[in-house]
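Protein chains in written order, with the numbering used here: chain D, 32 to 230; chain P, 32 to 230. The structure appears below as structure tokens.
There are 2 protein chains.
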Amino acid sequence: MPETPAAPDSLTMRKRRHVQQRIIEAADELFAANGFDNVSVTDIAARADVGRTTFFRYFGDKAEVFFAREQEIIEAITDHTTRDPLGAALTLAEAVGQLRPIVLDLCDRLSANVDGYSLHHELIEKHLELRERDALKTQRIADELSDLLIAHGTEESIAVFASQVALACAQTARRRTKSARTLTADARAAFDQLASLGT
Amino acid sequence: MPETPAAPDSLTMRKRRHVQQRIIEAADELFAANGFDNVSVTDIAARADVGRTTFFRYFGDKAEVFFAREQEIIEAITDHTTRDPLGAALTLAEAVGQLRPIVLDLCDRLSANVDGYSLHHELIEKHLELRERDALKTQRIADELSDLLIAHGTEESIAVFASQVALACAQTARRRTKSARTLTADARAAFDQLASLGT
């Protein structure tokens, strides 16, 4: 978000969050009703009762509002360690073990809205622009996870590999899963299966 | 390529390949000299001495010609099994073992042009459009690898996971590597390290 920072609980910040949520809801409703191509930024702004300039203060483009929830979830990755501080992981297995609950929690959040999840994936499959943005956001999740481990003292080369392995588990679950209901269970099964690589 | 198929060694096919290579070389020279944003499809077509319509017969857009070599390499994935037929992999470890030489060979090919590799990655870092296309092509490599295993009888759920794990090794090498010269060695080291996940 290209906004200047304000204290997290200030009135300004609450107002901004409210406007942002209104834009996201308007976009979600329009995408659900009309698909992605047939909805313009002007349509979304009008339904959210804001101007186009305001829209662009919150979102860089139409794809960005489409992935607004994923973006929130990516940005919340660092909250985990506030609740549950990590030590430096000394091995790849230890680092993957640290990322496991974080990735399972991401899966829970991403699949919380079962109908929304299906619609979201249908639209992604249909549009190159969304597939590209999705692929980039997915890699960004790995980079965030890696940065998190590094910030807690894990060596960069371990952190980078562990985050790619954790992402492999999540991506496998996304591809294996037919319904949002099983996403987290499928990701958990993938993490469990990793141990078989040592045999 | 949105062209109608012709016999692989026919004159038509050789001509097409020649035109395609001329477009790729023209684009490479222009990108190297002027960056990505300052080069248009019209510039590329003019330098390759073809019309814009011809350009679009070979490439969907400017990013597609930027990633032409990656695309060739992706399309060549299936050649491996013609040379070296695979059996059905019964376990995740076996499937990852089958993908290992294929991915190492991909790394070799992607890093063969040392200077080109660096320039390519500098431009990718600078442009959202290229980062997105790169992320999507990367996921497409995993999907091709998975399809390859499935075509040789490996169960889909094993194939999907193995291809994501193999991709994790390649992505780790890309992120750890400072020079194209060490890409394959770094990927090999990552594959070796996977065994430590079982401990």
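Where is the CB? At the ideal position from N, CA and C, for every residue including glycine. Fair warning: this is a prediction, and the values are worked out from it, not measured in the lab.
Coil, strand or helix - residue i by DSSP
i: LYS93(D); result: helix
i: LEU121(P); result: coil
i: HIS152(P); result: helix
i: GLU186(D); result: coil
i: PHE62(P); result: helix
i: HIS158(D); result: coil
i: PRO132(P); result: helix
i: LYS46(P); result: helix
i: THR215(D); result: helix
i: THR73(P); result: helix
i: ILE80(P); result: Reading the sequence as shown, one finds Asp at residue 80(P) and not Ile. In this structure, ASP80(P) counts as coil in the three-state DSSP scheme.
i: LEU228(P); result: helix
i: SER177(D); result: helix
i: THR208(D); result: coil
i: SER194(P); result: helix
i: ASP68(D); result: coil
i: ASP40(D); result: coil
i: PHE98(D); result: coil
i: ALA57(P); result: helix
i: ALA143(D); result: coil
i: ALA220(P); result: helix
i: GLN51(D); result: helix
Minimum Cβ-Cβ distance from residue i to chain C less than 8 Å
i: THR213(D); result: In the displayed structure, chain C is absent; the protein chains listed are D and P.
Chain-ordered neighbours of residue i on chain P, where CB pairs are closer than 7 Å
i: GLY184(D); result: Within chain P, no residue comes near GLY184(D); the closest Cβ sits about 18 Å away, beyond 7 Å.
i: ARG206(D); result: VAL191
i: VAL188(D); result: For the sequence presented, residue 188(D) should be read as Ser rather than Val. Those are ARG207, listed as they occur along chain P.
i: THR203(D); result: VAL191, PHE192, GLN195
i: GLN170(D); result: ALA166
CA nearest to the CA of residue i, picked from the options
i: VAL50(D); options: ALA58(D), ALA64(D), SER41(D), ALA79(D); result: ALA79(D)
i: ASP68(P); options: ALA197(P), LYS46(P), ASP92(P); result: ASP92(P)
i: PHE192(D); options: ILE181(P), ALA221(P), GLU186(P), VAL81(P); result: ALA221(P)
i: ASP223(P); options: SER177(P), PRO132(P), LEU137(P), GLU153(P); result: PRO132(P)
i: PHE86(D); options: ILE108(D), LEU154(D), CYS138(D), VAL72(D); result: VAL72(D)
i: ARG164(P); options: GLU106(P), LEU228(P), VAL96(P); result: VAL96(P)
i: ARG47(D); options: ILE155(D), TYR89(D), ALA119(D); result: TYR89(D)
i: ALA57(P); options: MET44(P), GLY66(P), THR84(P), ASP74(P); result: ASP74(P)
i: ASN18(P); options: GLN202(P), GLU153(P), LEU176(P), ALA99(P); result: With chain P covering only 32 through 230, there is no way to say anything about residue 18(P).
i: ILE155(P); options: ALA218(P), ALA94(P), GLU103(P), LEU135(P); result: ALA94(P)
i: GLU175(P); options: VAL81(P), GLN102(P), THR215(P), LEU214(P); result: GLN102(P)
i: LEU137(D); options: GLU106(D), LEU228(D), GLY118(D); result: GLU106(D)
i: HIS111(D); options: ASP59(D), SER227(D), GLN129(D); result: GLN129(D)
i: VAL127(D); options: ASN144(D), ARG83(D), ILE181(D); result: ILE181(D)
i: ARG140(D); options: LEU42(D), SER177(D), ALA120(D), THR215(D); result: THR215(D)
i: ILE104(D); options: ASP59(D), LEU121(D), SER142(D); result: SER142(D)
Neighbour list for residue i in chain D, Cβ cutoff strictly below 7 Å
i: THR122(P); result: SER227
Where residue i meets chain P, residues with beta-carbon distance less than 8 Å
i: GLN289(D); result: With chain D represented from 32 up to 230, any question about residue 289(D) goes unanswered, as that position is not in the structure.
i: LEU137(D); result: Result: empty, since nearest Cβ-Cβ is about 16 Å, beyond 8 Å.
i: GLU163(D); result: GLU163, ARG164, ALA166, LEU167
i: ALA245(D); result: Outside the modelled stretch of chain D, which goes from 32 to 230, sits residue 245(D), for which no answer is possible.
Contacts of residue i in chain D (Cβ-Cβ under 9 Å)
i: ALA119(P); result: Ordered by position in chain D, no residue passes the 9 Å Cβ test against ALA119(P), which lies about 17 Å from the chain.
i: VAL127(P); result: LEU228
i: GLN102(P); result: Within 9 Å Cβ-Cβ: nothing; GLN102(P) doesn't reach chain D, min ~14 Å.
heavy atom of the ligand MG below 7 Å from residue i C-beta
i: ILE54(D); result: Of the ligands one can find in the structure shown there are none, so the ligand MG has no counterpart to examine.
Chain-ordered neighbours of residue i on chain D, where CB pairs are closer than 8 Å
i: ALA199(P); result: PHE192, GLN195, VAL196, LEU198, ALA199
Exercise. Would the stretch 134 to 153 of chain P and the stretch 206 to 221 of chain P be scored as touching if the rule is three or more Cβ pairs under 8 Å?
Worked result: yes
Problem set entry | the stretch 168 to 179 of chain P in contact with the stretch 150 to 160 of chain D per 3-pair CB rule at 8 Å | no
For this session: Pair every Cβ in the stretch 52 to 61 of chain P with every Cβ in the stretch 175 to 188 of chain D, then say whether three or more of these pairs are closer than 8 Å.
Result: no
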